[in-house]
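Everything on this sheet refers to the single structure shown next.
Spelled out as structure tokens, the structure:
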């Protein structure tokens, strides 16, 4: 199949804070969308399709996504869809709609103030109500189950986890939109108390309040919106079973498959051939599992750069983290990454995940040239 | 929801408790605080001049930001569309039937929803002039229940033509 050349042409995110008591989710989104449109030098009506990714349980109301419409637009009536998923999946859907030649330009938004509800309870009821939710499991516990399994299989030790987090924290210093912008040494991280053993409090990804907006445009329109668009060369997503007991928690077959397919579509032989990788790794063990799944050394190596933005371990806005990864990959290729820029970056991988323990994985492969 | 299970083996009983605390935000807080002083504020679009009540930070239609200063609108207005409710409402003790109406306040370009009381339901009509009845001084807390309901003012009705574009 002949693919259309489609690029990310702008990305904006409000700086992530633990709790924003000054602005509503909708107000955060308006400011963000304004900045993204200003970056592309166009108005809202330049977009054929608008897509949102969010969770109604974060908003606390059914059909909560309709509150985004005052920002994305609903008059005159617009083409609009919402995904109850990380907003990166909305970007993937938008890319598909452009491939289907139904539109040329897509505005993708993610929002939902993490601080206003109780994410532990929400993560609990995402599990099945019969066997898993009933015993009180939530995201830190399921991540710890996965961490135990991975550590037993791979031999990774507490020190390895601490060093992985320390690397992310050092990178986060250069990211003005990260929630944690202070260095933390592996020694200090290893002194933080257990959250759920084998995960320490210092190893957890902090959620918070922000909003995100990413703009996609096809060849012929993208060039006018961005001097150095990040062209999407490949994309693929795969999911696994919901039941944790039925899955291989110590590795991610869905991440491996999705990455392989996205890389093949992009004509890139291996993840080692790219310059930057942004992973939705919300624990150090998830980072190791994902590195391994895409064929990289799980604990080390200097190329490609992994999460130069600091990654989710420096700020993990629930339901937006994946789109931030795509936005960060765009910034690296577009020369907009500022202090955390990877010099000369020409190819990037962006990853998003959904569900407990990396149940569903989405990969984009991007390049600074057209396919 | 159906009857509680009589045979526990056949069912798993799950009750969800999900508390939320929404920030009003600095912008909306000005509107809510003004209610305590029996004042209703709106925001004006910098492009079209339309006034939104309650205030929003951008015009949903034009996408333009609103003026930073909020504008005060009247607590009097006109009934646009309305309905006569004969089914109980969750969380409010109201004598049935009651009237729920869309009220276009003087000076505002969009309507707010409220109850119409102090008149028979059958007396409510499109174009009826109404005024807010506020909670007494000292009892208003800066939320939407500070306006108890609207009641007819006795003024002549607004023309249907003046109402039709504000439904």
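Chains as they are written, first to last, in the working numbering: chain A, -8 to 362; chain B, 61 to 227. Heads up, the beta-carbon is just placed ideally off N, CA and C, and yes, glycines get one too.
- In chain order, 191 place their CB closer than 7 angstroms to the CB of residue 185(A), counting only its own chain and leaving out the 5 sequence neighbours on each side.
- When C-alpha distances from residue 60(A) are compared across 173(B), 120(B), 164(B) and 171(B), the shortest belongs to 120(B).
- Straight-line measurement puts the Cα of residue 130(B) at about 48 angstroms from the Cα of residue 134(A).
- The closest CA to that of residue 155(B), considering only 136(B), 167(B) and 175(B), is found on 175(B).
- Listed in chain order, the positions of the stretch 97 to 119 of chain B with a beta carbon within less than 8 angstroms of a beta carbon of chain A are 116, 117 and 118.
- In the DSSP annotation of this structure, residue 287(A) is not part of any beta strand (DSSP E), being labelled neither H nor E.
- In this structure, residue 79(A) sits near residue 317(A), with a CB-CB distance shorter than 7 angstroms.
- Taking a C-beta cut-off of 9 angstroms against chain B, the contacting residues of the stretch 84 to 118 of chain A are 104, 106, 107, 108, 109, 112, 113 and 116, listed in chain order.
- A Cβ-Cβ contact shorter than 7 angstroms links residue 262(A) with residue 285(A).
- Every candidate alpha helix (DSSP H) stretch fails here, since none sits fully inside the stretch 104 to 155 of chain B while reaching 4 residues.
- Taking 7 angstroms as the threshold, the shortest C-beta distance from residue 121(A) to chain B falls below it.
- Closest in C-alpha terms to residue 58(A), from the list 76(A), 87(A), 21(A) and 90(A), comes 21(A).
- Per DSSP, the unbroken beta strand (DSSP E) holding residue 207(B) starts and ends at 207 to 212.
- Closer than 7 angstroms to the CB of residue 94(B) there is not a single CB belonging to chain A.
- A contact between stretches requires three or more CB pairs, one per stretch, nearer than 8 angstroms, and the stretch 299 to 306 of chain A meets this requirement with the stretch 319 to 333 of chain A.
- Using a Cβ-Cβ cut-off of 7 angstroms, residue 69(A) does not count as an interface residue toward chain B, since no Cβ of chain B sits closer than that to its own.
- Closest in alpha carbon position to residue 90(B), among 128(B), 195(B), 214(B) and 76(B), is 128(B).
- Here the stretch 218 to 227 of chain A makes contact with the stretch 244 to 259 of chain A; the two share three or more CB pairs at distances below 8 angstroms.
- For residue 218(A), there are no CB contacts under 6 angstroms within the same chain when 5 residues up- and downstream are skipped.
- Three or more Cβ pairs closer than 8 angstroms define a contact, and the stretch 200 to 207 of chain A meets that threshold against the stretch 90 to 99 of chain A.
- Residues of chain A whose Cβ lies closer than 7 angstroms to the Cβ of residue 79(B) are, in chain order, 109.
- Contact between residue 43(A) and residue 63(A) holds: their C-beta atoms lie close to 7 angstroms from each other, under 8 angstroms.
- Residue 144(B) is positioned such that its CB atom lies closer than 7 angstroms to that of residue 159(B).
- Proximity to residue 98(B) across 205(B), 157(B) and 215(B) peaks at 205(B), based on C-alpha coordinates.
- One alpha carbon belongs to residue 116(B), the other to residue 3(A), and they sit about 21 angstroms apart.
- Counting only unbroken stretches of 3 or more residues, the beta strand (DSSP E) elements lying wholly within the stretch 206 to 282 of chain A are 221 to 230 and 267 to 269, in sequence order.
- Cβ neighbours of residue 309(A) within its own chain (closer than 8 angstroms, five residues either side excluded): 46, 49, 103, 105, 110 and 198.
- At a Cβ-Cβ threshold of 7 angstroms, residue 141(A) and residue 280(A) count as neighbours.
- Per DSSP, reduced to three states, the secondary structure at residue 201(B) is coil, with no helix or strand assignment.
- Of the residues assessed, residue 71(B) falls on the exposed side of the cut-off, its CB having fewer than 16 other CB atoms within 10 angstroms.
- When DSSP states are grouped into helix, strand and coil, residue 193(B) belongs to the strand group.
- Secondary structure at residue 353(A): strand, using DSSP grouped into helix, strand and coil.
- The beta carbon of residue 169(B) does not come within 7 angstroms of any beta carbon belonging to chain A, so the residue lies off that interface.
- DSSP places residue 173(B) within a strand segment (E or B) once states are collapsed to three.
- Residue 27(A) and residue 1(A) have their alpha carbons spaced roughly 6 angstroms apart.
- Among the residues facing chain B, residue 225(A) is not included, as its CB has no counterpart in that chain under 7 angstroms away.
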